[in-house]
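A quick write-up on the structure given underneath.
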Amino acid sequence: MRELSVYYCNKCGFYAYFQLPKNAVCHHCNIPLTRLDMNHRDFTSLSYEARDRLITLKMIEAVPSLTNRITAPEKLYEQRKLVGALTQQILELEAENSKLNETLEWMHATIWDELKKKQALKEEIRRFKALIPPADKDVQQQLAEY
Ligand SMILES: [Zn+2]
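Mind the numbering: the sequence shown is residues 7 to 152 in our numbering, read in order.
As structure tokens, then:
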């Protein structure tokens with residue numbers, strides 16, 4: 007009887023054991039599986055986690071553009087991906103923060119402007135009041151409301 011070989015799918019990571027290479031086809035992707043360069047007994051003596059790691063590394067190796075960038079084990083790559091995602095998030099939050107600060111500055115400037123205008127108006131009213139003769143009580147009453 008022929009010995010079983012380990013085959014895996016480069017695309018989805020599915021793996022299975024076959025005697026004949028012609029049977030080694032991925033049920034999910036419908037593409038031929040790749041033979042793993044490790045015998046069946048050694049492979050099955052690995053833990054499920056170790057098998058996953060091995061197949062994952064093989065999958066990464068199968069993509070040339072990835073192999074150029076990834077030389078560290080999969081776990082490190084995952085950490086770098088996480089760091090990358092977090093860094094991106096921080097940058098987005100920083101951008102949002104600076105936008106909020108700009109809005110706040112603009113609001114400050116606008117309020118300050120309004121206050122100055124109001125102050126100038128008060129000043130003007132005060133000068134008008136000084137011009138009005140004391141007899142004209144009606145107008146003085148009206149202006150007092152300001
Ligand atoms: Zn597949």
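Heads up, the beta-carbon is just placed ideally off N, CA and C, and yes, glycines get one too.
In this structure, L10 lies away from H33, with their beta-carbon atoms at least 8 angstroms apart. In the DSSP assignment, the residues bridged to F24 are S11. In this structure, ligand 1 has no non-hydrogen atom nearer than 7 angstroms to the beta-carbon of F24.
Proximity annotation: ligand 1 has residues C15, K17, C18, F20, C32, H34, C35 in chain order, each selected because its CB is closer than 6 angstroms to a heavy atom of the ligand.
Take the alpha-carbon of T50 and the one of Q94: they are about 40 angstroms apart.
Per the C-alpha coordinates, the member of V69, A68, T62, A101 positioned closest to E84 is T62.
Burial state of Y13 is buried, judged by a 10 Å Cβ sphere holding 16 or more other Cβ atoms.
Across the structure, L97 and F134 are spaced so that their CA atoms are roughly 55 angstroms apart.
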